[in-house]
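Below is one structure; the comments refer to it alone.
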Amino acid sequence: MTIIDGKATAAEIKKEIAREVERMVSAGGKQPHLAAVLIGHDGGSETYVRNKIIACEACGFRSSLIRFEDIVTEEELLACIDRLNRNADVDGFIVQLPLPAHIDKQRVIEAIDYRKDVDGFHPINVGRLAIGLPGFISATPKGILELMRRYGIATSGRKCVILGRSNIVGKPMAQLMMQKEYGDTTVTVCHSHSTDIKEECRRADILISAIGKPDFVTADMVKPGAVVIDVGTTRVPDATKKSGYRIAGDVKFDEVAPLCSFISPVPGGVGPMTICTLMLNTLAAAKHEYYD
Ligand code: GUN
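Here it is as structure tokens:
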């Protein structure tokens with residue numbers, strides 16, 4: 038059994054990006070530039086955005102942070118997006134989610150120029166992924182693919198079960214695992230209204246859980262030799278931690294791990310990869326890899 042080390046893999050990728058940026062800049066190119074828009078003071082969002090900015094520094098990128106209070110109007114936010122779309126120095130940008138309830142999330146996502154949509158949330162990028170065209174792929178599924186590739190995990194022809202059908206993990210993950218160029222697996226997606234989830238999981242060679250229910254995946258749901266990828270990031274109270282909480286995955290790690298060929302832990306598995314794949318997307322944006 039191999040425990041997948043997302044932290045070490047992410048650190049390696051960031052070093053590779055930094056070397057590439059050095060080459061680009063010394064050849065007279067411009068420094069890649071990621072901008073982040075943060076609304077309000079949600080603790081989780083503050084941490085994510087701070088970590089994204091730290092990752093930009095590690096990669097040799099320029100970064101900008103644009104902040105609004107949560108009373109910002111949708112019009113003000115859309116005007117900011119319009120400025121970022123037209124700012125030639127900004128290669129890619131993100132609007133950190135969740136947004137305040139009075140703002141239409143979908144309208145915001147669709148206002149972002151798809152050529153700068155390094156989150157891969159714009160319908161053009163989602164649609165292009167669905168039909169196998171190049172474009173920005175959202176950070177978590179892309180990070181999982183990258184982990185499997187770097188650990189030499191064979192996927193072609195195998196059976197993949199995905200728990201969860203969210204727009205940012207379950208659905209794009211299913212697309213990627215289905216497509217010949219990526220996972221090339223036979224995919225089943227289970228969700229809150231699926232029946233026989235245990236039986237479905239037991240048939241999986243690759244089980245990817247993204248439902249946000251701590252300890253949901255137990256040993257009796259895992260086929261011996263399976264690859265288990267845990268995408269859960271649920272905050273559970275923990276008085277022994279300074280923050281007062283710890284991050285729990287979906288998988289009952291201690292009992293499931295001995296059965297697996299590969300398993301990604303929480304924390305330290307998929308989590309550290311997501312910011313790193315955002316950096317890969319920003320580098321691709323700066324190099325106009327997908328769009329002119
Ligand atoms: N909130 C939680 N995850 C993400 C993400 O990947 N991108 C953005 N923009 N917001 C998020």
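Residue numbers (my numbering): 38 to 329. Every residue, glycine too, gets a C-beta built ideally from N, C-alpha and C. None of these values were measured; they are calculated from a predicted model.
What does DSSP give as the partner residues of residue i in its beta bridges?
i: L315; result: In the DSSP output, where bridge partners are listed per residue, L315 has none listed.
i: Y282; result: P274
i: S264; result: Note that residue 264 is Val in the sequence shown here, rather than Ser. Per DSSP, I243, F299.
Does the beta carbon of residue i fall short of 7 Å from some heavy atom of the ligand GUN?
i: V273; result: no
i: Y85; result: yes
i: A72; result: no
i: L184; result: no
i: L134; result: yes
i: I205; result: yes
i: I131; result: yes
i: D150; result: no
i: A321; result: no
i: D156; result: yes
In its own chain, which residues sit with a C-beta less than 6 Å from the C-beta of residue i, not counting the 5 before and 5 after it?
i: N318; result: V155, F173
i: D275; result: Y282, R283
i: T311; result: A176, T177, G180
i: G129; result: L71, K153, V155, T319, A322
Quick one: residues in its chain with C-beta nearer than 7 Å to the C-beta of residue i, no 5 flanking neighbours on either side, listed in chain order?
i: R104; result: L75
i: A285; result: P251, G269, T271, V273, V303
i: R202; result: K208, V226, H228
Does DSSP put residue i in a helix, in a strand, or in coil?
i: V273; result: strand
i: S301; result: strand
i: G331; result: Because the chain in this structure spans residues 38 to 329, residue 331 falls outside the shown range and cannot be described.
i: R99; result: strand
i: A125; result: coil
i: V206; result: coil
i: S229; result: coil
i: L134; result: coil
i: L115; result: helix
i: I190; result: coil
i: I146; result: helix
Taking 8 Å as the limit between beta carbons, can you name the residues of its chain near residue i, skipping five residues before and five after?
i: D107; result: I76, G77, H78, P137
i: V264; result: M185, I190, D242, I243, L244, C297, S298, F299, I300
Figure out for me which residue from the options has the closest Cα to the Cα of residue i.
i: S280; options: V224, V109, T84, D42; result: T84
i: C313; options: R152, A45, I50, A294; result: I50
i: Q143; options: P160, R152, K153; result: P160
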